[in-house]
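Residue numbers (the UniProt record's numbering), protein chains in the order written: chain A, 1 to 199; chain B, 1 to 505.
Even glycine gets a Cβ: it sits at the ideal position worked out from N, Cα and C.
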Ligand SMILES: [Zn+2]
Ligand SMILES: [Zn+2]
Ligand SMILES: [Zn+2]
Ligand SMILES: [Zn+2]
Ligand SMILES: [Zn+2]
Ligand SMILES: [Zn+2]
């Protein structure tokens, strides 16, 4: 790994560790190998959002040309959000693309992602299905996002109704995550979700 | 197309003076009609060929000129000029008439007249007094190891070098590289880039990027279109004129295509587009097919029988290949179409005929155009065979100067081929009138004499007595070039007199 990149990551790692956000348990970074090319990030869901109480794990890959090119980041924890793919965890965020600047850090990236959870950009979507629901039925979106946070990110809000509908599909032999995706995509309409799964 | 270097033509012409008496008239005409090669076809059209360093110089001349009025730092002036696509007048106008603060802001450069307080304070390291920390590599340096733009964002030299190199090499950004700080739009000027970038190759790439944006927004400059040629041509005004690059390539300044007299740029462009068009190519293939008179499906004749059955399974129409009428009334006389004049068949034929005629016409011109283009490529092989001949002649007591006429002959042959090639584009779009008939005669003449010259140089020359060759070759190429000139003069006169009427094709 290039000298600057390794040097940077080493320093940034320390910066995050001693930052006040870590003290408040809002963000966290872990090294996955000795060469500083792969890291694991964590952000907590911002308060007063559907993601509140959840912990979201991120995969961070540091390119050879870092910090002159941005790190590659994606969500490992499944999440229901217009700018994040519910399938791959890919993120649509300008600072991870053309708006990246060499003076930005992992800390700024993690804080920006946290900000993205509070303020989605449905007009620049990564996940078209989620973005459509966000624009057309915000309450349905909130409910779904909260349910996903509960199931995948350890959020506190259990939604009995959702769990029941999923169980009904699981009893029919459908895999649990597939059932959740179908129901989420069809505004929890069990008939249409079933139709989609078995068509 | 690449021309051979022909700097010695003047010598050749001088040595040609010992030709016999009845040739004198021709000789004089040729002297004036064949310009000193590779300098100019047209003496009135002034242009300059610029190397990369000439262009860099030219840019700094413009900057100096602007600065004699505006009194800006040259680097700032360059950024402003680039922002106005190197239009000095526009810049001056905005500078004196508008809000200057707004102007500098739009162009992403700090107003040099205002010493605004530095926005990003140097980040002083807490650890060691009198040092600064670089926001990119997080290392601590003495202030002398840090640098930045007027915006106040400072980084270490190594990081600047890496940052600029990434922008130039990976992203191909030249004139518009911004400060490395997040959300800082202030542009890095060329002097700073040249100072901070270490690698010479990166510097060269950068220079090319900034000269490129200069050439591309300047109407009076054009890169030589020849591959790998780094020269540009500068003119005083844009015109449909040939310019000769230092690499030998001759091109039309107005459009950048190979020099294409007598056809004008707009028609040539139309023609090239037509030739590139896929639908035309497929029409080409279908030249030996017909369309089913009932459903329009394309049918190919696959045998001698004139009874065609449409291949379209939903149509399966029976029709006659000769008259395109339905097959039924042909009845038992299947071997011989006698229904040629029947109304229904005639209407079907007329419709097909019209589109066929247009296609046939296109194919006629296209074939001849392509044919000369192809021949032109072959003539370049002639240069090497002619070179052998020239060596042979030098061994028979002829001087180097005396044998140059052979190369000259191939030069003229190539010119004639090129002119002929474009006469077919000109003719394709030409409406018939009295003058177009004269043009076609001239074209026929030039075509005939060109083929004669080509044949002579390719074949007959080997059987000739060495002493006779010079005379014969000179006669032939002079005649050829005379025909070429006559044709072009006639077309040019027509442009002036408005004889030519363009066909919408
Ligand atoms: Zn640095
Ligand atoms: Zn800056
Ligand atoms: Zn050239
Ligand atoms: Zn042109
Ligand atoms: Zn048919
Ligand atoms: Zn017939």
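| query | result |
| --- | --- |
| Inter-stretch contact at 8 Å, needing at least 3 Cβ pairs: the segment 54-63 of chain A / the segment 77-84 of chain A | yes |
| Residue 216 of chain A vs residue 111 of chain A beta-carbon contact at 8 Å | This structure cannot settle anything about residue 216 of chain A, because the visible part of chain A is limited to 1 through 199. |
| Every unbroken alpha helix (DSSP H) within the UniProt domain "UBC core" (4-154) of chain A, with a cutoff of 4 residues, ordered by chain | 20-23, 106-118, 128-136, 138-153 |
| Residue 185 of chain A in three-state terms, based on DSSP | helix |
| Completely contained beta strand (DSSP E) runs for the segment 28-109 of chain B, where each covers 3 or more residues | 47-50 |
| Within chain A, partners of residue 580 of chain B - CB distance below 7 Å | The question about residue 580 of chain B has no answer here: the residues shown for chain B are numbered 1 through 505. |
| Sheet register partners of residue 221 of chain B (DSSP bridge) | B/234 |
| At least 3 beta-carbon pairs within less than 8 Å: the segment 63-72 of chain A vs the segment 4-15 of chain A | yes |
| Cβ pair count under 8 Å reaching 3, the segment 258-271 of chain B against the segment 482-498 of chain B | yes |
| is_contact[residue 114 of chain A, chain B] using C-beta, thresh 8 Å | no |
| Proximal residues of chain C, C-beta to C-beta of residue 192 of chain A below 7 Å | Among the protein chains of the structure shown, namely A and B, there is no chain C. |
| With 16 other Cβ atoms within 10 Å as the buried cut-off, status of residue 462 of chain B | exposed |
| Cβ-based burial, residue 378 of chain B [other Cβ within 10 Å; buried from 16] | exposed |
| Where residue 153 of chain A falls, given that 16 or more other Cβ within 10 Å makes a residue buried | buried |
| Minimum Cβ-Cβ distance from residue 20 of chain A to chain B less than 8 Å | no |
| Reference residue 112 of chain B; option with closest CA among B/93, B/422, B/137, B/151 | B/151 |
| Member of B/362, B/407, B/62 whose CA lies at the smallest distance from the CA of residue 74 of chain B | B/62 |
| Distance, residue 241 of chain B Cα to residue 102 of chain A Cα | 49 Å |
| Residue 184 of chain B beta carbon near ligand 1 (any heavy atom closer than 7 Å) | no |
| Sequence-distant residues of the same chain with beta carbon closer than 6 Å to residue 160 of chain B, five excluded per side | 196 |
| Within 8 Å, strictly: CB atoms of residue 129 of chain A and residue 199 of chain A | no |
| Any non-hydrogen atom of ligand 4 within 7 Å of residue 84 of chain B CB | no |
| Integer Cβ distance of residue 50 of chain B from residue 234 of chain B, believed to fall under 8 Å | 6 Å |
| Close Cβ partners of residue 21 of chain B (< 6 Å) along its chain, the five nearest in sequence each way excluded | Low local confidence applies: a pLDDT of 39 at residue 21 of chain B is under 50, so the model's placement there is unreliable, and no value is given. |
| Cα-Cα separation, residue 442 of chain B to residue 76 of chain B | 58 Å |
| Anticipated Cβ contact below 8 Å, residue 82 of chain A with residue 48 of chain A, distance rounded | Their Cβ separation, rounded to whole angstroms, is 18 Å, which puts residue 82 of chain A and residue 48 of chain A out of contact at 8 Å. |
| Any C-beta of chain A under 8 Å from that of residue 194 of chain B | no |
| Sequence-distant residues of the same chain with beta carbon closer than 8 Å to residue 413 of chain B, five excluded per side | 379, 382, 450, 453, 454, 457, 477, 480 |
| Proximity to residue 351 of chain B [Cα-Cα], best of B/325, B/363, B/396 | B/325 |
| Separation of residue 359 of chain B from residue 391 of chain B, as counted between CA atoms | 49 Å |
| CB contact check: residue 347 of chain B to chain A, cutoff 8 Å | no |
| Ligand 4 heavy atom lying under 7 Å from the CB of residue 221 of chain B | no |
| Close-in-space but distant-in-sequence residues of the same chain around residue 15 of chain A (CB under 7 Å, 5 per side omitted) | 105, 107 |
| Where residue 418 of chain B falls, given that 16 or more other Cβ within 10 Å makes a residue buried | buried |
| Distance, residue 409 of chain B Cα to residue 237 of chain B Cα | 33 Å |
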